[in-house]
Each structure stands twice: as C-alpha cells, then as structure tokens.
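Trainee:
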Amino acid sequence: MTIDAMGTQTAIAEKIRSKRGDYVLALKENRKNLYEDVRMFLNEESEKKKLRKNGKYKKTVEKAHGQIEIREYYQTEEIRWLAQKKEWKGLKSIGMEEKTIQKEGRERKEWRYYISSLKEDVELFRRAVRGHWSVESMHWHLDVTLKEDANTTLDKQAAENLNIIRKWWRYSGQICP
7 MTIDAMGTQT AIAEKIRSKR GDYVLALKEN RKNLYEDVRM FLNEESEKKK
57 LRKNGKYKKT VEKAHGQIEI REYYQTEEIR WLAQKKEWKG LKSIGMEEKT
107 IQKEGRERKE WRYYISSLKE DVELFRRAVR GHWSVESMHW HLDVTLKEDA
157 NTTLDKQAAE NLNIIRKWWR YSGQICP
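Each residue of the sequence shown is one higher than the one before, counting from 7 in this note's numbering.
As structure tokens, this is what we get:
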C-alpha cells in the first residue's frame, strides 16, 4: 500500500501491518526529523555510490510531455542508525526517487523520500512509487475533468455505478485516443 505524506502516520503503518500488508509511505516536512534524517542519508554521495554498486538502484528514462524524465530509485535496509525506527511497525527500508526533468535545454531535479515495510527489492519499490503517482493522477483527472468530488449522489449503488462509468470513460480515452 502506498500513501502520500499526509497519511504517513504510525497508526496507519500499524494498521497495515496488522492486516499483513506492506507499506511505502511518503515523507515530507510533516515528519520533519524523519524526513531530514532520510534525506541527508540518501543524498550522501558515498551512500548513493554504494547502493548503485550493490544493486539497490534502478534507473529509468522516459520521453513524455515534450520532456525527458530520468528517474533514479535507491532503497536500503541499512537503517539501524535511524532513531525513529522503533516507532514504525514493520519498518524495514528507506528509499528515494530522484527525478531529473530535461526540457528545452533546461534541467530540473525533484527528490521524494519514503519509509517502507518492504525488504530490499528496488524494482518492487520502483513499481510501488510509480504506481502510486498513476493512481494520484487518475484521481486528479476524475475530479478536474469529470467533477467527481462535486457529485452529490446519495444512493450508494448509483454512486458506485457512476464511479465505474467515469473510470471506464477515462481509460477508454487512453486505449483509443
């Protein structure tokens, strides 16, 4: 299960693990100390080099929206040093997505940091992170294009049917543009 930074809560991690699930939770400034510790560790060039050398690294390159997007994923179970480790049920690894966007001769970088109950498997970590943003994008599109959040349908079955129709419409446009 992937959750954005707002949902990065110890109680949520505990609930997921109690149901035998795994989590990949985004970190931002709402968890300032944890965020800073993970950020500083994973941005240390010697640590990044070690992770690349030991196969705990994955790089993808995509051309989309008139730009080149280079994504580099790092994941490690080396978290004995992490002071907050015991607060997070099942915490096994930390990870980072470093995204470089090249467009019209300019380059911009973005970093995202995560805590996870996943063992080291950088490909699985990459898929979880990318899958999360695909879902976020779909929800944004459903709301902005189809005004899903403004829907006031009270009948539960009707609301579920409308949701299915909206998603079908959204995906049919991707399959048959």
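Think of the CB as a built atom: it goes at the ideal place given N, C-alpha and C, for glycine as much as any other residue.
Touch check for the segment 76-94 and the segment 125-133: three-plus C-beta pairs under 8 Å?
Mentor: Enough Cβ pairs lie closer than 8 Å, so yes.
Trainee: Indicate whether residue 121 and residue 44 have their beta-carbon atoms separated by less than 8 Å.
Mentor: yes
Trainee: Looking only at its chain, what residues have a beta carbon closer than 6 Å to the beta carbon of residue 142, apart from the 5 residues adjacent to it on each side?
Mentor: Here residue 142 scores only 43 on pLDDT, less than 50, and its place in the model is too uncertain to base an answer on.
Trainee: Just the Cα atoms here: how many angstroms apart are residue 28 and residue 57?
Mentor: Between residue 28 and residue 57, the C-alpha separation is close to 22 Å.
Trainee: Can the beta-carbon of residue 90 be found closer than 8 Å to that of residue 124?
Mentor: Remark: C-beta atoms of residue 90 and residue 124 do not approach each other more closely than 8 Å.
Trainee: Is residue 123 helix, strand or coil when you go by DSSP?
Mentor: coil
Trainee: Around the C-beta of residue 19, are 16 or more other C-beta atoms found within 10 angstroms, so that it is buried, or is it exposed?
Mentor: Residue 19 should be labelled buried.
Trainee: What does a CB cutoff of less than 8 Å around residue 23 pick up in its chain, not counting 5 residues either side in sequence?
Mentor: 29, 95, 96 and 123
Trainee: Give the DSSP-derived three-state secondary structure of residue 191 in the structure shown.
Mentor: Only positions 7 to 183 of the chain appear in this structure, which leaves residue 191 out of reach.
Trainee: Closest by CA to residue 37, which one among 74, 119 and 47?
Mentor: 119
Trainee: Taking the straight line between their C-alpha atoms, what separation do you get for residue 84 and residue 52?
Mentor: 14 Å
Trainee: Please give me, in chain order, every unbroken run of the beta strand (DSSP E) with length at least 3 that falls completely inside the segment 89-113.
Mentor: 99-109
Trainee: Shortest alpha-carbon distance to residue 70 belongs to which of 88, 164, 35 and 110?
Mentor: 110
Trainee: Should residue 62 go down as buried or exposed, given a rule of 16 or more other Cβ atoms within 10 Å for buried?
Mentor: buried
Trainee: Once DSSP output is grouped into helix, strand and coil, what is the label at residue 18?
Mentor: helix
Trainee: Exposed or buried, residue 17, counting other C-beta atoms within 10 Å across all chains shown (16 or more means buried)?
Mentor: exposed
Trainee: Where residue 117 and residue 99 are concerned, what is the direct C-alpha to C-alpha distance, given to the nearest angstrom?
Mentor: Near 17 Å, if we compare the C-alpha coordinates of residue 99 and residue 117.
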